[in-house]
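Residue numbers (this note's numbering): -11 to 212.
Structure first, commentary second.
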DNA sequence: CACCAGGAATGTA
DNA sequence: TACATTCATGGT
């Protein structure tokens, strides 16, 4: 199955996702910074806390005091890193003249700028480029890897390699990349768990998951 | 209880 | 470069 075919099936199955789920572009950045290794529900809860506290703006977060910030975003975990990184990122974006200025220039330059922010790795940088700056950048996350591996598209590979796999097979269209990634996540949350515990997947003929063979279990002797 | 979540930084070889 | 480990909260 080609990525285009998978996209069509996912879209038919789940419908348009209207990503990124956020009220403002700045909220997307905040969400990306809080997202690492936690569930989206925890990120939403943290963002609600920030909004209720009236801190959900670049200037306010840049000036917020750390103990208060720590309390508000505590649901997102990693409390020794995320609050400080969030405030520091806001300060550097502000110093650059705001979000638009920070993301200006060619995508490569903007990406390197994002990657210099502590707490922003490749996926977060690309998510911001795609969902905030509307750049045609394919975002690779855990669900993307699982879907691709279970469909036999690729096995393992670095972030750049997986990203290139998609880029070489799809038109460089920000709207397509936006919807595709959103659909992969929406689908993955239901059907692409780390260990396939979905023998009775309801999507057998109407979604990519049904076309796959079982993904081999990870070696439990080295995990933990 | 074990495992996981829309990763990233750090350390090691 | 390529992996392994750590981070921390809350859900299943």
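No residue lacks a Cβ here, since even glycine has one placed at the ideal position from N, Cα and C.
These figures come from a predicted structure and were not determined experimentally.
If you compare alpha carbons, which of 78, 79, 106, 113 is closest to residue 97? On the first chain, position 109 is the one that residue 97 refers to. It is 113 whose Cα lies nearest to the Cα of residue 97.
Please return the same chain residues whose Cβ sits closer than 8 Å to the Cβ of residue 116, not counting the five positions on each side in sequence. Working through the first chain from its first residue, we reach residue 116 at position 128. Same-chain partners within the cutoff: 16, 17, 20, 91, 102, 108.
Only counting the same chain, and skipping five residues up and downstream in sequence, which positions put a Cβ closer than 6 Å to that of residue 132? Taking the first chain and counting its residues from 1, the one referred to as residue 132 is at position 144. These residues qualify, in order along the chain: 172.
Span separating the alpha-carbon of residue 83 from that of residue 140: Locating residue 83 in the first chain gives position 95, counting from the first residue. Locating residue 140 in the first chain gives position 152, counting from the first residue. C-alpha separation (whole angstroms): 45 Å.
Exposed or buried, what is residue 54 when buried is set at 16 or more other beta-carbons lying within 10 Å of its beta-carbon? In the first chain, the residue the question calls residue 54 occupies position 66. Exposed, since its Cβ has fewer than 16 Cβ neighbours within 10 Å.
Can you give, in chain order, each stretch of the alpha helix (DSSP H) that sits fully within the stretch 26 to 105 and has at least 4 residues? 28 to 40, 46 to 51, 54 to 60, 70 to 83, 87 to 90, 95 to 103
Could you spell out where the alpha helix (DSSP H) holding residue 136 opens and where it closes? On the first chain, residue 136 is found 148 positions in, with the first residue counted as 1. Run containing residue 136: 130 to 138, per the alpha helix (DSSP H) assignment.
Residue 81 beta carbon less than 8 Å from that of residue 46: Reading the first chain from its first residue, position 58 is the one you call residue 46. Reading the first chain from its first residue, position 93 is the one you call residue 81. Taking 8 Å as the Cβ cut-off, residue 46 and residue 81 qualify as a contacting pair.
Short of 7 Å in beta carbon distance, which residues of its chain neighbour residue 99, apart from the five on each side in sequence? Order them along the chain. The count along the first chain starts at 1 and reaches residue 99 at position 111. Closer than 7 Å at Cβ, skipping near neighbours: 113, 117.
Is residue 4 helix, strand or coil when you go by DSSP? Taking the first residue of the first chain as position 1, residue 4 is located at position 16. Here residue 4 sits in coil by DSSP.
Looking only at its own chain, which residues have a Cβ that is under 8 Å from the Cβ of residue 123, when we skip the five neighbours before and after it? Against the first chain, residue 123 aligns to sequence position 135. Counting only Cβ-Cβ distances below 8 Å, and skipping sequence neighbours, we find 95, 98, 117, 162.
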